[in-house]
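Before any comments, here is the structure.
Numbering (my numbering), first residue to last: 6 to 268.
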């Protein structure tokens with residue numbers, strides 16, 4: 006294959022699409038699968054049972070699919086599944102799953118991982134997620150589509166981040182973040198809705214107005230969260246974007262919920 010640089014070290018058992026491009030000094034292991042038009046720019050190391058979807062591009066010194074940073078990992082045949090059209094920048098690390106977490110780490114399509122971002126074992130990421138420089142996910146984190154994680158942020162293991170949420174830079178997130186929510190701080194607290202993100206994604210003014218009203222009621226100082234949640238559920242039952250937040254909060258989770266500061 007003329008599109009593989011002669012300095013690259015490719016295991017003959019690896020499955021590589023004919024249109025894939027592998028640059029200088031890359032290393033690709035035997036159980037790796039590279040889809041059509043995948044590009045490893047240079048000095049990329051891909052190991053383990055890793056699948057990379059069509060059109061994804063990985064930049065120098067990224068480490069993809071090497072064994073999890075988990076002392077409980079005993080070499081079980083877990084996997085790392087990366088979707089299509091992802092941009093994975095310099096020094097990014099992604100690890101496969103473990104027996105204790107479902108055996109798979111999964112990344113959706115059209116995501117951007119800026120330099121030195123980290124996706125740990127058993128994480129599940131939706132489409133169009135952006136992780137800025139040095140943003141890190143501990144194990145078992147779930148991230149919804151279009152979520153944005155600011156630079157130097159860190160997410161505790163087992164935390165859920167709802168879709169269209171925004172994590173402020175340098176935030177330490179140890180509790181679940183509602184869909185459309187915005188958190189900031191160490192430890193991070195809920196700081197309103199991700200209004201800018203909602204506008205960019207084409208949410209209507211009516212949807213944003215409804216979300217604001219529901220948010221104010223949901224996190225009002227009166228009553229308990231359970232009582233307020235029931236009120237929101239009754240008052241906004243015909244509004245899918247609000248009911249998505251209600252369903253998120255009612256779902257089982259091993260973590261607490263991010264709430265406004267002082268609530």
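We treat Cβ as the ideally placed atom computed from N, Cα and C, and that holds for glycine. Small disclaimer: the values here were computed from a predicted structure and weren't measured.
Evaluate residue i with the Cβ neighbour count: other Cβ atoms within 10 Å of its Cβ, from every protein chain shown; 16 or more gives buried, anything less gives exposed.
| i | result |
| --- | --- |
| residue 181 | buried |
| residue 101 | buried |
| residue 50 | buried |
| residue 18 | exposed |
| residue 133 | buried |
| residue 192 | exposed |
| residue 266 | exposed |
| residue 14 | exposed |
| residue 242 | exposed |
| residue 53 | buried |
| residue 184 | buried |
| residue 61 | buried |
| residue 25 | buried |
| residue 229 | exposed |
| residue 80 | exposed |
| residue 209 | exposed |
| residue 23 | exposed |
Rounded to whole angstroms, what's the CA-CA distance from residue i to residue j? Just pull it up for me.
| i | j | result |
| --- | --- | --- |
| residue 219 | residue 247 | 7 angstroms |
| residue 258 | residue 163 | 8 angstroms |
| residue 143 | residue 262 | 17 angstroms |
| residue 39 | residue 8 | 13 angstroms |
| residue 211 | residue 203 | 12 angstroms |
| residue 126 | residue 140 | 15 angstroms |
| residue 196 | residue 59 | 37 angstroms |
| residue 158 | residue 178 | 8 angstroms |
| residue 245 | residue 148 | 20 angstroms |
| residue 200 | residue 169 | 10 angstroms |
| residue 222 | residue 89 | 39 angstroms |
| residue 94 | residue 123 | 11 angstroms |
| residue 194 | residue 226 | 15 angstroms |
| residue 153 | residue 115 | 13 angstroms |
| residue 155 | residue 187 | 11 angstroms |
| residue 137 | residue 117 | 8 angstroms |
| residue 41 | residue 174 | 34 angstroms |
| residue 16 | residue 110 | 23 angstroms |
| residue 249 | residue 32 | 43 angstroms |
| residue 20 | residue 86 | 14 angstroms |
| residue 176 | residue 34 | 35 angstroms |
| residue 151 | residue 131 | 7 angstroms |
| residue 11 | residue 29 | 7 angstroms |
| residue 255 | residue 120 | 35 angstroms |
At what residues does the alpha helix (DSSP H) containing residue i begin and finish?
| i | result |
| --- | --- |
| residue 251 | 245–255 |
| residue 1 | Lying before the first or after the last residue shown, residue 1 is absent from the chain, which here runs from 6 to 268. |
| residue 151 | Taken as a continuous stretch (DSSP letters only), residue 151 belongs to no alpha helix (DSSP H), as it is neither H nor E. |
| residue 222 | 210–223 |
| residue 261 | Note, residue 261: premise wrong, no alpha helix (DSSP H); not H, not E. |
| residue 237 | 230–240 |
Go to residue i, then tell me how far its beta strand (DSSP E) extends in each direction, as first and last residue.
| i | result |
| --- | --- |
| residue 164 | Premise fails: residue 164 is in no beta strand (DSSP E) and is neither H nor E. |
| residue 84 | 84–87 |
Nearest chain C C-beta to residue i closer than 8 angstroms, yes or no?
| i | result |
| --- | --- |
| residue 251 | No chain C appears in the structure shown, which is made up of a single protein chain. |
Q) On the three-pair Cβ rule with 8 angstroms, is the region 97–106 touching the region 75–88? A) yes
Q) Does the region 30–48 touch the region 62–70, meaning 3 or more C-beta pairs lie closer than 8 angstroms? A) yes
Q | Runs of beta strand (DSSP E) wholly within the region 19–77 (minimum 3 residues, chain order) | A | Within the region 19–77, the runs of beta strand (DSSP E) at least 3 residues long that lie entirely inside it are, in chain order, 54–57.
**Q.** Stretch pair the region 144–162 + the region 221–239: three plus CB contacts closer than 8 angstroms
**A.** no
**Q.** Segments of 4+ residues assigned as alpha helix (DSSP H) that fall wholly inside the region 165–205
**A.** Fully enclosed alpha helix (DSSP H) runs of 4 or longer: 200–205.
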